[in-house]
Amino acid sequence: MKRLLALCALCVTAILPLRAVDSLPQLAQILRGSDDTQLQRDILRGLGAALKGRRSVPMPAGWEAVETKLSASSDAEVRTLAQTLSLTFGSPRAKAALRATAADVAADAAARRTALESLLGIRDPELPPVLQKLVADPAVRGTALRGLATYDDAATPAAVLGAYASYAGTEKRDALNTLASRTAFAKPLLVAVADGKVAKTDLTADLVRQLRNLKDDGIKARLTELWGVMQETSPDMQKEVERVTRLYWAGGSTPGVAPRGRVVFNKVCAQCHALFDSGGHVGPDITGANRGDLDYLLQNILFPNAVIPNEYRATTVETKDDRVITGIVKEQTAAALSIQTANELVTIPRAEVKSTSTSDQSLMPEGLISQLKEQEIRDLLYYLSRPGQVALPQ
402 MKRLLALCAL CVTAILPLRA VDSLPQLAQI LRGSDDTQLQ RDILRGLGAA LKGRRSVPMP
462 AGWEAVETKL SASSDAEVRT LAQTLSLTFG SPRAKAALRA TAADVAADAA ARRTALESLL
522 GIRDPELPPV LQKLVADPAV RGTALRGLAT YDDAATPAAV LGAYASYAGT EKRDALNTLA
582 SRTAFAKPLL VAVADGKVAK TDLTADLVRQ LRNLKDDGIK ARLTELWGVM QETSPDMQKE
642 VERVTRLYWA GGSTPGVAPR GRVVFNKVCA QCHALFDSGG HVGPDITGAN RGDLDYLLQN
702 ILFPNAVIPN EYRATTVETK DDRVITGIVK EQTAAALSIQ TANELVTIPR AEVKSTSTSD
762 QSLMPEGLIS QLKEQEIRDL LYYLSRPGQV ALPQ
């Protein structure tokens, strides 16, 4: 009977997620009275799915007893799911435990990252100082850097830029994405670029466009000083393809070095595109593309806005606390909006969204290779044309 009741309640949470709160007291009662691990998993998974995108929900009656019971479960998934729900219900015990895990340098790195992600999911107001310290901790640095974009905290730019020189490639990208997400963060970033503390070449074309999306006149003026005018429309396609073709073949019969080209690919392309099972999945997997045709490669790299499938059009989301996020919408529900950026999937509760706008531009910007040296362009194109994967240089 208990399993039947649980399954009925789970059907309600799956079909009517916005009314899932009505079922919480009954589900808490079932969880409190059952020792069936599979039943516990089913209920907890269903509740997690039903409450996705909601940062907080009033704690149902009897949940404290459920939390105490399930935190002692021998099943790791039950413990994790129960703790995540307890967070959503505002449990001080769950918050304290996860903060302690996140800050414990002796704890397992994966557990620390999971703890941070859980606290970010409820937008824990006490988290920014913790994250600002953790940007110097290699074990959780990436999660901390991405998480800081969630909060409009004045101390963030100094904390991120202060440790910037110690970051690896992907960590630098996480740092720059966070600093480009808010006007108050972007201004110190551009000062650091002007002062040489952040290399101008670290800001790829997509990051420059994200900075322009902040729509701040001072930022636009500084970008013009540093990068010049960014073209929003393509020049004559054939002439540009011919120019880069000449540049490519100026390298001789073997224009580039493929391993070096893979390094360039990892820097400017791999966050969004996969090649030979390596890279991201924001844009299309290019392994099966017509990469042996130089004209094809150049037209797609130089003019990504020529033909844009709807699923790859860029959407810009502005939150009520002035964060700007540019990416591809992956899921929309009545409760939340999920948008894939170049480095993470961000889920934003609808109540926090100020505005959304879908561009007629691809998420991949024009000018992606404009900051590269000529030999880097040759190496990249040569690598992209190879029929199989090559090793990275030693």
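Numbering (our numbering), first residue to last: 402 to 795. All residues carry an ideal CB built from backbone N, CA and C; glycine is no exception.
- Three or more pairs of CB atoms, one per stretch, sit closer than 8 Å, so the segment 651 to 671 contacts the segment 786 to 793.
- Secondary structure of residue 705 (DSSP, three-state): coil.
- For residue 536, same chain residues with a beta-carbon under 7 Å away, outside a window of 5 residues either side, are 542, 545, 546, 560, 561 and 564 in chain order.
- Residue pairing from DSSP places residue 714 in a beta bridge opposite 763.
- For residue 621, the enclosing alpha helix (DSSP H) covers residues 618 to 628.
- Annotated three-state conformation of residue 444 is helix, per DSSP.
- Rounded to whole angstroms, the gap between the alpha carbons of residue 465 and residue 750 is 26 Å.
- Annotation for residue 433: 463, 466, 467 and 470 place their beta carbon closer than 7 Å to its own, counting only its chain and skipping 5 residues before and after.
- Note on residue 478: under 16 other CB atoms within 10 angstroms of its CB, so exposed under the neighbour-count rule.
- Distance from the CA of residue 651 to the CA of residue 501, rounded to the nearest whole angstrom, comes to 58 Å.
- Taking a cut-off of 8 Å for Cβ pairs, the segment 586 to 599 and the segment 754 to 770 do not touch, as fewer than three such pairs fall below it.
- For the set 733, 572, 619 and 568, the Cα lying nearest the Cα of residue 585 is the one of 619.
- With respect to the 8 Å criterion, residue 683 and residue 673 are classified as neighbours on the basis of their beta carbons.
- Shown here, residue 731 sits in a strand according to DSSP, grouped into three states.
- Check the Cα spacing between residue 719 and each of 681, 748, 665 and 496: the tightest is with 748.
- For residue 453, the secondary structure class from DSSP, reduced to helix, strand or coil, is coil.
- Note on geometry: alpha-carbon atoms of residue 531 and residue 746 lie some 22 Å from one another.
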